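So the structure is just underneath, and the comments pick up after that.
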Amino acid sequence: MKGFNTEQDHPAAESGNVYDVSDPTKNVDDDGREKRTGTWLTAISTTTFFYILCGCLGYAAFGNKAPGDFLTDFGFYEPFWLIDFANACIAFHLIGAYQVFAQPIFQFVEKRCNRNWPDNKFITSEYSVNVPFLGKFNISLFRLVWRTAYVVITTVVAMIFPFFNAILGLIGAASFWPLTVYFPVEMHIAQTKVKKYSPRWIGLKMLCWVCLIVSLLAAAGSIAGLISSVKTYKPFRTIHE
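Per full-length UniProt numbering, the sequence shown starts with residue 1, numbered consecutively.
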């Protein structure tokens with residue numbers, strides 16, 4: 001079952017990178033039409049290679065006892081400077097990623113609050129603060145309190161539920177097939193008017209069914225992992241998966 005969960009981690013993590021990489025590498029010709037360059041293929045191939053390499057080598061080395069995080073679990077301990085440097089890089093990456101993915105939530109809540117309580121000075125007021133060498137910044141006490149509370153709550157929730165990989169696998173299994181495979185494929189078929197029962201149509205449908213089976217197996221593995229983790233669950237304690 002853990003193998004099924006591991007199997008889902010690759011497509012779930014990879015699916016977001018497809019859009020992250022493809023959007024910045026767009027190129028436009030003289031007629032204003034979008035065209036793709038070799039950069040897109042190189043970026044996706046490189047990312048896919050490292051994901052598969054990490055998963056396959058880790059599973060080959062540790063089998064079903066492969067840790068969820070090779071840097072913080074029992075994957076290896078030396079050289080210490082390399083592990084510390086890798087963890088610093090991960091922290092640097094996640095700090096930026098957290099900011100990016102949290103912005104839509106911040107904007108949604110703040111716009112709704114401003115719309116519902118336009119006369120509330122705590123929500124609408126901003127104060128100008130002069131920071132040496134950086135100039136003036138407008139600070140809202142509501143944004144400061146709300147965003148800080150959001151970060152604290154999400155951090156506490158993450159600490160309470162430490163079996164991260166099983167939860168991530170279940171979320172990935174639930175979202176991978178419909179959002180990354182089924183809807184894009186169906187939109188492509190409708191937009192390009194792919195003829196029904198043609199080789200291309202059959203190939204796309206087979207892709208959908210194969211990915212659906214992968215997602216179902218991954219969901220089963222994630223649920224089994226959650227059940228196993230709950231048996232030894234202790235709040236604010238790290239569980240080595």
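C-beta: ideal position from N, C-alpha, C; glycine also. Just so it is clear, the structure is predicted and the values come from calculations on it, not from any experiment.
Keeping to the same chain, check which residues put their C-beta closer than 6 Å to that of residue i; ignore five residues upstream and five downstream.
i, result
"PHE142", "PHE122, ILE123"
"PHE92", "none"
"CYS113", "ILE123"
Any idea which residues DSSP pairs residue i with across the strands?
i, result
"PHE137", "VAL129"
Looking at the secondary structure, which residues open and close the alpha helix (DSSP H) in which residue i lies?
i, result
"PHE176", "Taken as a continuous stretch (DSSP letters only), PHE176 belongs to no alpha helix (DSSP H), as it is neither H nor E."
"residue 254", "Beyond the ends of the chain as shown, which are 1 and 241, falls residue 254; an answer cannot be given."
"THR192", "183 to 192"
"SER222", "199 to 231"
"THR124", "121 to 124"
My understanding is that residue i touches residue j, with C-beta atoms under 8 Å, so please give their C-beta distance in whole angstroms.
i, j, result
"VAL185", "LEU204", "5 Å"
"ALA173", "SER222", "6 Å"
"LYS136", "SER128", "5 Å"
"LEU94", "LEU170", "Not confirmed; about 20 Å, so no contact."
"ILE160", "PRO235", "5 Å"
"CYS208", "TYR182", "6 Å"
"LEU144", "TRP177", "Actually they are not in contact, since the Cβ atoms of LEU144 and TRP177 sit about 40 Å apart, beyond 8 Å."
Checking contacts by CB at 8 Å: is residue i closer than that to chain B?
i, result
"THR154", "Included in the structure is just one protein chain, with no chain B present."
Is residue i near the ligand ZN, in the sense that its beta carbon is under 7 Å from a heavy atom of that ligand?
i, result
"PHE137", "The ligand ZN is not among the ligands present in this structure, which contains no ligands whatsoever."
Near residue i, what residues of its chain come up, given a Cβ to Cβ distance below 8 Å and the 5 sequence neighbours on each side ignored?
i, result
"TRP201", "ILE189, VAL194, LYS195"
To which residues of the same chain is residue i closer than 7 Å at the C-beta, ignoring the five residues directly before and after it?
i, result
"ARG147", "PHE106"
"VAL230", "none"
"residue 262", "Limits of the chain in this structure are 1 at one end and 241 at the other, which puts residue 262 out of reach."
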